[in-house]
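Under UniProt numbering, the letters of the sequence shown match residues 1 to 174, in that order. Written out below as structure tokens is the structure these notes cover.
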Amino acid sequence: MVQSLSKEEKKQLQEWIGKGSKTFELLFSISKDGCDSDTFHTLCNNKGPTVTVLYNTNDSVFGGYTSIAWTSRNRYYEDTSAFLFQLRFSGNPKANKFHHRNSKQSVYDGKSYGPYFGAGPDLLTFKKIVTSKDGCFFLNGKMKSSTYNMSVCGTEKINNDHMHVKELEVYQVQ
């Protein structure tokens, strides 16, 4: 495993999720399991609430939370608890939680996609299969503020304006 959430970052996520103490169980890691939407859904479907965390090549850490289980049903879901977040920017701690403007399209659950948040898409991690090159995954997803209010800093101040990651993890939240 290339990266992992620190104790402080898990504590910050627990605070944002609310409703008491949480445990985070790693379900999926692209450095270990490969970057494949079929594998993502095999390992993460029907597991309840999850946190998706991306670690980019500039040492920025960002992602999304949904309380809805992934199921591969190819549709948008309303999740009033869903949010996007930033934990680090270019190696420096930077905690931001981004709320949705329209909860009706907070999560898209498609079998050909990895974790997908918002109709922008605000955070589309990847589609189908992405291979690594020299330990880096050049994800074919994107990040754009639409459903979630990221205008406070702009997506370029969250993901350094690219989707080149060393790691992407999905944790079950209990």
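Beta carbons: idealized from backbone N, C-alpha and C, even for Gly. These figures come from a predicted structure and were not determined experimentally.
Distance between residue j and residue i (C-alpha atoms, nearest Å)
i, j, result
"GLY118", "PHE24", "23 Å"
"ASP79", "THR147", "12 Å"
"LYS47", "LYS133", "30 Å"
"residue 177", "VAL53", "As displayed, the chain neither begins before 1 nor continues past 174, which places residue 177 out of reach and without an answer."
"ARG75", "ASN140", "20 Å"
"GLY18", "GLU9", "14 Å"
"LYS127", "SER81", "24 Å"
"MET1", "SER29", "Caution applies to MET1, whose pLDDT of 45 falls short of 50 and renders its modelled position unreliable; the model cannot decide the point."
"GLU169", "SER4", "8 Å"
"LEU26", "CYS35", "15 Å"
"LYS11", "VAL130", "31 Å"
"residue 189", "HIS41", "Here the chain comprises residues numbered 1 to 174, so residue 189 is not present and cannot be evaluated."
"GLY154", "LYS94", "13 Å"
"LYS7", "ASP122", "27 Å"
"GLY20", "PRO49", "14 Å"
"ASN102", "PHE62", "20 Å"
"GLN105", "ASP33", "28 Å"
"ASP31", "MET150", "Per the sequence shown, residue 31 should be read as Ser rather than Asp. The alpha-carbon atoms of SER31 and MET150 are separated by roughly 28 Å."
From the options, residue whose alpha carbon lies closest to that of residue i
i, options, result
"SER145", "HIS100, THR66 and ASP109", "HIS100"
"residue 175", "LEU87, LYS104, ARG73 and ILE129", "Residue 175 lies beyond the residue range present for the chain, which begins at 1 and ends at 174; the question has no answer from this structure."
"ASP109", "ASN56, LEU5, ASP38 and ASP33", "ASP38"
"THR71", "VAL107, SER90 and ALA95", "VAL107"
"SER90", "GLU167, LEU123, ALA69 and ASN56", "ASN56"
"SER60", "LYS166, GLN174, VAL173 and TYR171", "LYS166"
"PRO115", "GLY135, ASP161 and PHE83", "PHE83"
"ASN45", "ASP33, ASN159 and ALA69", "ALA69"
"TRP16", "GLU156, SER151, VAL51 and MET163", "VAL51"
"ASN58", "GLN174, TYR171, VAL173 and ASN159", "ASN159"
"GLY135", "MET150, HIS164, LYS22 and TYR77", "HIS164"
"LYS111", "PHE85, LEU43, LYS157 and SER31", "LEU43"
"THR125", "ASN149, MET150, LYS157 and HIS162", "HIS162"
Cross-strand partners of residue i (DSSP beta bridge)
i, result
"ASN159", "Bridge partners of ASN159: none, in fact."
"PHE138", "HIS164"
"VAL170", "PHE28 and THR52"
"ILE129", "ASP36"
message: So within the region 83-112, which uninterrupted beta strand (DSSP E) runs reach at least 3 residues, ignoring any that extend past its ends?
response: Counting whole runs of 3 or more residues, the region 83-112 contains the beta strand (DSSP E) stretches 83-89, 92-98 and 107-109.
task: Go through the region 27-73 residue by residue and report every complete run of the beta strand (DSSP E) that reaches 3 residues or more, in order.
output: Listed in chain order, they are 50-56 and 61-66.
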